[in-house]
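Position 37 of the sequence shown, counted from 1, bears residue number 466 in this note's numbering, the numbering being contiguous throughout. Positions of the beta carbon are idealized from the N, C-alpha and C atoms, including for glycine. These numbers come from a predicted model, not from an experiment.
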Amino acid sequence: MKRIFFNVSFVLMGSLFLGMLSADEFNTAKSAPKVSSIIYNSSFEEGQNDDAEGWVFTSSQPPIKSGSDANSGSYSAYINLQNVGKTPSEAHIIKTVNGKFLSALNYEFTFFVKQMKKGSGGYIQQYFIEWFNEDEQKMEGTGFKQFSGKVGEWQEIVVPDVEIPDNVRSVKLLFRFVTGAIEGGSGEVFIDDVNFRADDSVEALTAAINRKVDQAQFDVALELIESFLMLHSESVQAIEIKALKSRLKKFQELDAISE
């Protein structure tokens, strides 16, 4: 009996949702994309002396907040590694962001880099994105990925379609700069405008809600609906989205009764 009830209810729910989307195609114009960044102090403007508020500069030769060059604003993060003899040198830039991430949306990681020289002595520079769940346990991440920029010019590095595991509650972004155990090893670079963005436009959220309803992931669909109503409460789609929210909740109540 429960299997029959679920199938009939799911078909009805899918029909109602598809009907809502079809109606929107006729009475709304395509909205402009709305892209939000989750990075505070992304251009290193805030902070005292060599420190940037909200960032951790660390390791054997830590970066500093610098006013000598910037892609935007007045400041950037400056890394200048110089080996002492054959002792390797290293610098880290770390940002930890806590919050509720929506795995159904597409995220993009971007930053600007300006190489002052190519680097020597086995010098490399990398980024690493690492996810954590509600219990602060490590989840999957990108692993270390190397990057480089043009010498003497600001260049944007774009990492599209960053995969986010389900039930993520925080992310750590790490930049690593390191030389080898070689005499004369060195590296010099500026980093600025670090952003981690999600496309939360009307179109992107509606498509994500549709996918999650099709997949019967109603809890995720309701989270997306809450985000939609918070960001786009004045949009013409808001009335239909609210109606869908009510139907999904009613469906969950009926499904619970059938257990």
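By Cβ distance below 6 Å, which residues in the same chain neighbour ILE523 in space, the five residues on each side in sequence not counted?
Closer than 6 Å at Cβ, skipping near neighbours: VAL485, LEU603.
Touch test, the region 587-595 against the region 487-494, Cβ-Cβ under 8 Å, three pairs minimum:
no
For PHE538, which option in SER471, GLY551, ASN527 has the closest C-alpha, if you only look at C-alpha atoms?
SER471
What number of angstroms, rounded off, separates the C-alpha of ILE670 from the C-alpha of VAL526?
29 Å
Please state if the CB of ASP621 and the CB of SER503 are separated by a distance shorter than 8 Å.
no
Measuring only the C-alpha atoms, how far is GLY550 from GLY572?
Cα-Cα distance, rounded: 23 Å.
Excluding the 5 residues preceding and the 5 following VAL597 in the sequence, name in chain order all residues of the same chain whose CB lies nearer than 6 Å to its CB.
PHE530, TRP560
Which runs of the beta strand (DSSP E) fall wholly inside the region 500-572 and span at least 3 residues, in chain order?
Runs of the beta strand (DSSP E) inside the region 500-572: 505-511, 519-527, 536-544, 553-562, 567-570.
Taking all protein chains shown into account, do 16 or more other C-beta atoms lie within 10 angstroms of the C-beta of GLN644, making it buried, or fewer, making it exposed?
exposed
Is VAL690 helix, strand or coil by DSSP?
No statement about residue 690 is possible, as the shown extent of the chain runs from 430 to 688 and does not include it.
Below 8 Å between beta carbons: does that hold for VAL607 and VAL542?
no
Over the uninterrupted alpha helix (DSSP H) stretch that includes SER656, give me the two end residues.
647-660
What residue from GLN646, ASP480, ALA633, MET545 has the CA that sits closest to GLY616's CA?
MET545
C-alpha gap between ILE468 and PHE625, whole angstroms:
6 Å
Taking only the alpha-carbon atoms, compute the straight-line gap between ILE508 and ALA520 and give it to the nearest angstrom.
7 Å
Buried or exposed for ALA672, please, with buried defined as at least 16 other CB atoms from any protein chain shown within 10 angstroms of its CB.
exposed
Option in GLY476, GLY483, GLN511, ASP480 with minimal Cα separation from GLY614:
GLN511
Beta-carbon proximity of VAL623 to PHE557, cut-off 8 Å
Pairing VAL623 with PHE557 gives a Cβ-Cβ distance that is not under 8 Å.
Minimum C-alpha distance to PHE576 - residue among ASN562, PRO589, GLN555
GLN555
What residue from LEU683, ASP498, GLU482, GLU474 has the CA that sits closest to GLU582's CA?
The alpha carbon of GLU582 has as its nearest neighbour, out of LEU683, ASP498, GLU482, GLU474, the alpha carbon of ASP498.
Which of helix, strand or coil does DSSP assign to ASP643?
helix
Find the nearest neighbour of GLY528 within the set GLY514, LYS515, ASN562, LYS547, judged by alpha-carbon distance.
Among GLY514, LYS515, ASN562, LYS547, the Cα nearest to that of GLY528 belongs to ASN562.
Figure out for me which residue from LEU677, THR516, GLU655 has the closest Cα to the Cα of ALA667.
GLU655
Residue-level contact to chain D via CB, GLN554, 8 Å cutoff
You won't find chain D in this structure, because it holds only one protein chain.
Could you spell out where the beta strand (DSSP E) holding GLY616 opens and where it closes?
For GLY616, the enclosing beta strand (DSSP E) starts and ends at 615-628.
Would DSSP call ILE686 helix, strand or coil?
helix
Output the distance between the C-alpha atoms of ILE638 and GLU569, rounded to the nearest integer angstrom.
Pairing ILE638 with GLU569, the inter-Cα distance amounts to about 24 Å.
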